[in-house]
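Residue numbers (mature numbering (1 follows the signal peptide of the UniProt record, and there is no 0)): -19 to -1, 1 to 253.
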Amino acid sequence: MNAIKCFLCGLVLCAPLWALEPTLPPGRIQFKLDFSLFDADEYLDRRKIKTPISTLSPYDEFEAREGKFTVNYGWGEGITLVSETTWRDQELSGAADSPTASGVTGVYLAMRQTLSGTRDGTRFMAETGVWYPVEADQDEAFAFEYEALNWVFVASYNQDFFPTSGGFEMDLGYRFRNEAPDDEYFFDTALRLNVPLIGSLRVHYHVVESKDRTTTDYPVTAYPLDRGSQILGLSLERKIGRLDVRVGYETTVAGRNQFDHSGLKFGLSWMR
């Protein structure tokens, strides 16, 4: 039986998406809460062919709910310390023995630095971090993560449109895994437009690929050793009092060894 790579939805749901935000002023603290709801009834196999889940297994649908709490601290001029803790609940439905999993998926700690900036709104940044999968055991029936530290390196280019009309972002990164599965490289780009009386509209595109590719078909609940994904999203952010409120939608454009998922995202952030 061809495999459904159950964990692959974690490309978006489990590990952080490294789209870098500007560094904070020294001494400032930012708190962020994010919640996501995703589902899928089809998947893209290693040949990028889309097939209903029910055709390939006893299950009908994949569902996942995730929460993330982030604390950013301005440690010095142009330097921000980042801490992210992620929780997730996931399940495959449609059979009496449908697998489920719930718990803290991981903790991400990083240092973000502004390398240079100019008066015309150009900004270059870099981030180095480590991702620790807290509740990870690749041998479990419905694994969250592979139990090994991941090192993350990101380079970012930002261009603001003056005076306050929006901006453009582009990130390139590499995720080094101390053990299997394979290392990954990723690319993020986004266009941000500030619309009067509405808020900030953001269109983003996320690509992630394993360094190598295999021709292996995995069991339905196995953690895949290689994967790929292309995600397109649209979000709206609006300031309400001291809060920044976000709502968005994401969908899979293409990929391999992953669910053809889509879903809603909600977020709040505030600073002191």
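By construction, the Cβ of each residue, glycine as well, lies at the ideal position given by its N, Cα and C atoms.
Asked, Found
"Anticipated Cβ contact below 8 Å, F12 with W251, distance rounded", "6 Å"
"At least three beta-carbon pairs within less than 8 Å, the region 48 to 68 to the region 22 to 32", "no"
"Local conformation of L172 per DSSP, three classes", "strand"
"Beta-carbon gap between residue 254 and R223 smaller than 8 Å", "There is simply no residue 254 to check, as the chain begins at -19 and stops at 253 in what is shown."
"Stretch-stretch touch, CB-based, cutoff 8 Å, three pairs: the region 236 to 248 with the region 209 to 217", "yes"
"Beta-carbon gap between V133 and G102 smaller than 8 Å", "no"
"T36 (DSSP reduced to helix, strand or coil)", "helix"
"Sequence ranges, beta strand (DSSP E) only - wholly within the region 66 to 106, length at least 3", "81 to 98"
"Run of the beta strand (DSSP E) containing residue 263, from where it starts to where it stops", "A query on residue 263 cannot be resolved here, the shown segment of the chain reaching from -19 to 253 and no further."
"CB contact flag (Y210, V176, <8 Å)", "A quick correction: the sequence has Ser, not Tyr, at residue 210. Cβ distance not < 8 Å, so S210 and V176 don't count as in contact."
"Selection from K49, T95, G180 and D225 that minimises the alpha carbon distance to W56", "T95"
"R46 beta carbon less than 8 Å from that of R9", "no"
"Check whether G147 and L178 have beta carbons under 8 Å apart", "no"
"Continuous beta strand (DSSP E) stretch holding H242: start and end", "No beta strand (DSSP E) holds H242; DSSP gives it neither H nor E."
"Secondary structure of G222, DSSP reduced to three states", "coil"
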